[in-house]
Amino acid sequence: MRLLLVEDHVPLADELMAGLNRQGYAVDWLADGRDAVYQGSSEPYDLIILDLGLPGLPGLDVLAQWRAGGLATPVLILTARGSWAERIEGLKAGADDYLSKPFHPEELHLRIQALLRRSHGQVNQPTLQSAGLHLDEGRQCVTRDGADIQLTAAEFRLLRYFMLHPEQILSKSHLAEHLYDGETERDSNVLEVHVNHLRRKLGRSVIETRRGQGYLFGGQAQ
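Residue 24 in the UniProt record's numbering sits at position 24 of the sequence shown, with consecutive numbering throughout.
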């Protein structure tokens, strides 16, 4: 999953990016609200983490412009502790959730997981489930019939995206856009290798190739 982090406090941004990378997210970082308006609207992010106290353009104005332009990407806003008025204004402007600083990194990760599940229709599930598989995002492995199947970091990132988009045809270019940050070279051949590794671990029928279109996850799974 590809995230945008908009935070002008560099030490915090570095800490958040390191933690999110360990959780298997591809993260782009911006520190200026004016840059965020454009990039948030033009790049295919799965979720945006937005600080409200930004230089260039306040976070509330950034969020308002995104929503006015039709951007539906889930947005988690970061606010100063006790700033209840900012939280209310943020929710009114279209934020999906908020987190007060300082916060524990694990709370941020759990809120991100919940927002992503909610945005893909898995509202009542405490874990990501699809095609008979249960994804353990904390341990970065998958469980089927009570047995753990170990995954590499790249396999975990790819499977998580597939499980959030079951029975949807996903092209290689689409997958690359959502699995890599803006600085990473996107190689469709590498994606194909990871798909084949997942098939060996989960069964070939779990991920179907649609020639000229891409991949379909869960379409034939039992």
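All C-beta atoms, glycine included, are put in the ideal place defined by N, C-alpha and C. What you are looking at is a predicted structure, and each value in this text was computed from that prediction instead of being measured.
Same chain only: Cβ atoms within 8 Å of D35, ignoring 5 sequence neighbours per side: G56
Does the beta-carbon of I49 have 16 or more other beta-carbons within 10 angstroms, so that it is buried, or is it exposed? buried
Let's test the definition: count the other Cβ atoms within 10 Å of the Cβ of T209 and tell me whether it reaches 16, buried, or not, exposed. exposed
Just to confirm before moving on: does the CB-CB distance between L4 and Y38 stay below 8 Å? no
Is the Cβ-Cβ distance between L60 and G40 less than 8 Å? no
Beta-carbon spacing of G33, A131 below 8 Å: no
Only counting the same chain, and skipping five residues up and downstream in sequence, which positions put a Cβ closer than 6 Å to that of Q222? Only weak support exists for where Q222 lies, its pLDDT of 38 falling under 50; the value from the coordinates is given anyway. So no residue of the chain qualifies.
C-alpha gap between Y98 and A80, whole angstroms: 10 Å
Do the CB positions of residue 237 and A31 come within less than 8 Å of each other? Since the first residue shown for the chain is 1 and the last is 222, residue 237 is missing from the structure and cannot be characterised.
Integer-rounded CB distance, given that L76 should sit under 8 Å from R111: 6 Å
Taking a contact to mean a Cβ-Cβ separation below 8 Å, would you say I149 touches L202 in this structure? yes
Cα-Cα separation between P102 and H165, rounded to whole angstroms: 33 Å
Counted within 10 angstroms of its Cβ, other Cβ atoms place W84 as buried (16 or more) or exposed: exposed
Report all residues from its chain with a CB closer than 8 Å to the CB of M1; omit the five preceding and five following residues, and keep chain order. G24, Y25, A26, D46, L47, L116, R157, R160, Y161, L164, H178 and L179
Compute the distance between the beta-carbons of L198 and E155, then report whether it is under 8 Å. yes
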